[in-house]
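Numbering (the working numbering), first residue to last: 11 to 266.
We put the beta carbon where it would ideally sit given N, CA and C, even for glycine.
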Amino acid sequence: MRPLDCVIQEVRSEAPKIRTLRLDREIDPAPGQYAMIWVRGVDEIPMSFSGPDTITVQEVGIATQALFSLGAGSSIGLRGPLGRGFVLRGDRILLIGGGVGTAPLAFLGEQARRSGAEVTSLVGFRSSEEIIFETRFEALGDTIITTDDGSVGIRGRVAEGLKQLDLSEYSQIYLCGPELMMWDIISRARLHSGKIQACINRYFKCAVGVCGSCCLDPEGLRVCVEGPVVSADRLLESEFGRYRRGPTGGRGPCRG
Ligand SMILES: Cc1cc2nc3c(=O)[nH]c(=O)nc-3n(C[C@H](O)[C@H](O)[C@H](O)COP(=O)(O)OP(=O)(O)OC[C@H]3O[C@@H](n4cnc5c(N)ncnc54)[C@H](O)[C@@H]3O)c2cc1C
Ligand code: FES
């Protein structure tokens, strides 16, 4: 697939290190699908869609820093939409997200509301300055916010918010965020793992299922084509939450 040439129409600041870029085309992604974004002269990196024509980038390293610094009128290359996105099931759903991982969930929640589903959100951030998409989530329905420092909502990790919810009430649970946060939620909600759809993250190179860089031990699941959204019951006995492979293929610790 050749990259499409896209022009950035608008840049919105969401938090000190997070910006949303609106592109000049809608390419009809499903929430949870991603695109390989070619930042010219720097690198090609995976990004989820935060809306039909938007991506939301957090500055963490060289390529995201370059993407973050682009203004309206700049152009990028885009291969996508790629991978398997979330599948909407049932009429009462729960979104659980952390940090920039809330981006595909806000997109999903808006689609779910339009199809008549009742949406509850549990979203966590480090502090009040890092909260993103608060108004988007609040427009969807009941919203619980956690912050690590207690500056807004419940003090502590996202899992603290689970105490206010009865997971058996939801037809489907959608999860995206830092790996250790997701693993914490999946471990606590083991009994419900069959109805948790998790949008996960690995080191991508080819994004077409050929190079093996994103494979998950021991099943060999290729996250770039068979994911990034996978059922949590496939993660329980995998490397997820324990280790992950980096650019060299060697094992390293999970982040977040
Ligand atoms: C399916 C998918 C969807 C994603 N969606 C988004 C999104 O919507 N918004 C967003 O900001 N980011 C998203 N990411 C993560 C993003 O692709 C990485 O942050 C980016 O590739 C890092 O590139 P870099 O050159 O800036 O950082 P590097 O210089 O390569 O690395 C900087 C730091 O980030 C870590 N890192 C590198 N790649 C990844 C990765 N794939 N996952 C986690 N940590 C990584 C490195 O270990 C290092 O600690 C997504 C990743 C995947 C696989
Ligand atoms: S990134 Fe190459 S197989 Fe997934």
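Over what stretch of residues does the alpha helix (DSSP H) that includes residue i continue unbroken?
{"i": "Pro56", "result": "Where Pro56 is concerned, there is no enclosing alpha helix (DSSP H), although the beta strand (DSSP E) it sits in stretches over Asp53 to Gly61."}
Here's the rule: buried if 16 or more other CB atoms are within 10 angstroms of the residue's CB, otherwise exposed. What is residue i?
{"i": "Leu201", "result": "exposed"}
{"i": "Asp194", "result": "buried"}
{"i": "Lys173", "result": "exposed"}
{"i": "Gly61", "result": "buried"}
{"i": "Gly222", "result": "exposed"}
{"i": "Glu139", "result": "exposed"}
{"i": "Gly187", "result": "buried"}
{"i": "Ser131", "result": "buried"}
{"i": "Pro257", "result": "exposed"}
{"i": "Ala116", "result": "buried"}
{"i": "Thr74", "result": "buried"}
{"i": "Ala82", "result": "exposed"}
{"i": "Val70", "result": "exposed"}
{"i": "Arg35", "result": "exposed"}
{"i": "Pro39", "result": "buried"}
{"i": "Gly260", "result": "exposed"}
{"i": "Glu179", "result": "exposed"}
{"i": "Gly262", "result": "exposed"}
{"i": "Arg22", "result": "exposed"}
If I follow the unbroken beta strand (DSSP E) through residue i, where does it start and stop?
{"i": "Met271", "result": "What is shown of the chain runs 11 to 266, which leaves residue 271 out entirely."}
{"i": "Val21", "result": "Leu14 to Ala25"}
{"i": "Gly119", "result": "Run containing Gly119: none in the beta strand (DSSP E); it sits in the alpha helix (DSSP H), Thr112 to Arg124."}
{"i": "Ile65", "result": "Thr64 to Gln68"}
{"i": "Pro78", "result": "A small correction: the amino acid at residue 78 is Phe; Pro does not occupy that position in the sequence shown. Run containing Phe78: none in the beta strand (DSSP E); it sits in the alpha helix (DSSP H), Ile72 to Phe78."}
{"i": "Arg102", "result": "Arg102 to Gly108"}
{"i": "Pro91", "result": "Ser85 to Leu92"}
{"i": "Ser131", "result": "Glu128 to Phe135"}
{"i": "Thr30", "result": "Ile28 to Leu33"}
{"i": "Val240", "result": "Val239 to Ser241"}
Using beta-carbon positions only, say whether residue i and residue j come within less than 7 Å of one another.
{"i": "Gln182", "j": "Gly100", "result": "yes"}
{"i": "Met57", "j": "Ile72", "result": "no"}
{"i": "Ile103", "j": "Ala127", "result": "yes"}
{"i": "Asn63", "j": "Leu33", "result": "The residue you asked about is not Asn; residue 63 is Asp in the sequence shown. Going by C-beta atoms, Asp63 is nearer than 7 Å to Leu33."}
{"i": "Cys264", "j": "Val239", "result": "no"}
{"i": "Cys16", "j": "Leu80", "result": "no"}
{"i": "Ile65", "j": "Leu118", "result": "no"}
{"i": "Ala242", "j": "Ile196", "result": "yes"}
{"i": "Ile28", "j": "Ile142", "result": "yes"}
{"i": "Cys224", "j": "Phe214", "result": "yes"}
{"i": "Leu177", "j": "Ala199", "result": "yes"}
{"i": "Asp227", "j": "Glu249", "result": "yes"}
{"i": "Val129", "j": "Thr112", "result": "no"}
{"i": "Gly251", "j": "Val235", "result": "no"}
* To do: Would you check if the segment 181-191 and the segment 104-114 touch, i.e. whether three or more CB-CB distances between them fall below 8 Å?
  => The segment 104-114 vs the segment 181-191: in contact.
* What alpha helix (DSSP H) runs, 4 residues minimum, are completely inside the segment 201-236? -> 233-236, all fully within the segment 201-236.
* Count the C-beta pairs between the segment 142-162 and the segment 226-243 that are closer than 8 Å, then say yes if the count reaches three, no if not. => At 8 Å Cβ cutoff, the stretches do not touch.
* **beta strand (DSSP E) runs wholly inside the segment 143-200, at least 3 long, in chain order** => Listed in chain order, the complete beta strand (DSSP E) runs (minimum 3 residues) inside the segment 143-200 are 153-157 and 182-186.
* Quick one: any contact between the segment 26-44 and the segment 78-95, if contact means 3 or more CB pairs under 8 Å? -> With the rule of 3 Cβ pairs closer than 8 Å, the segment 26-44 counts as touching the segment 78-95.
* Mind the definition here: the segment 113-125 touches the segment 165-172 only if three or more C-beta pairs lie below 8 Å; say whether that holds. => No, because fewer than three Cβ pairs between the segment 113-125 and the segment 165-172 fall closer than 8 Å, the two stretches do not touch.
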